[in-house]
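Chemist: Residue numbers (our numbering): 44 to 144.
Below you will find the structure I want to go over with you.
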Amino acid sequence: MKKVVWSVKAQKNYRDNLLYLKEFWTKKEIKKFMKAVDTAVVNISQNPYIGSAYEENIHYRKYLIVEQIYLYYRLTEKDEILLASFWNNYQNPEKLKKFLP
């Protein structure tokens, strides 16, 4: 199992997603999202190559959390997993390139 590190951006994206979901989803759906994130983190820590490669930047992989949200991550030089960003697929994909250097 590899160590998982949350970037500041991933932490902010996660909080922002929760705030957005609170406006439009039920508490049950929000808990389901949070559980899906927890499961994703465990799965990625156990198998870092479980996510599909991000075509635009080969250093990053993406893992589907819920239908419209992916978690982007990469392996670091320290052999840790860096959670880079939660990304809502409804956003402009060109913006994503700026978030993943």
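Ideal placement from N, C-alpha and C gives every residue a C-beta, glycine not left out.
#1: From the DSSP output, read off the bridge partner residues of F129.
#2: Please report the straight-line C-alpha distance between Q134 and Q111, rounded to a whole angstrom.
#3: Go ahead and pull the three-state DSSP assignment for S88.
#4: Within the same chain, show all residues whose beta-carbon is closer than 8 Å to that of A83, passing over the 5 residues directly before and after it, in chain order.
#5: Judging by CA-CA distance, which residue of P136, I124, N131 is the nearest neighbour of N56?
Modeler: According to the structure shown:
#1: Within the sequence shown, the letter at position 86 stands for residue 129. In DSSP, F129 forms a bridge with L114.
#2: In the sequence shown, counting from the first residue as 1, residue 134 sits at position 91. In the sequence shown, counting from the first residue as 1, residue 111 sits at position 68. Whole-angstrom Cα-Cα distance: 10 Å.
#3: Numbered from 1 along the sequence shown, position 45 holds the residue referred to as residue 88. Helix at S88.
#4: As a working note, residue 83 is residue 40 in the sequence shown. Closer than 8 Å at Cβ, skipping near neighbours: Y106, I108, L114.
#5: Locating residue 56 in the sequence shown gives position 13, counting from the first residue. Cα-wise, what sits closest to N56 is N131.
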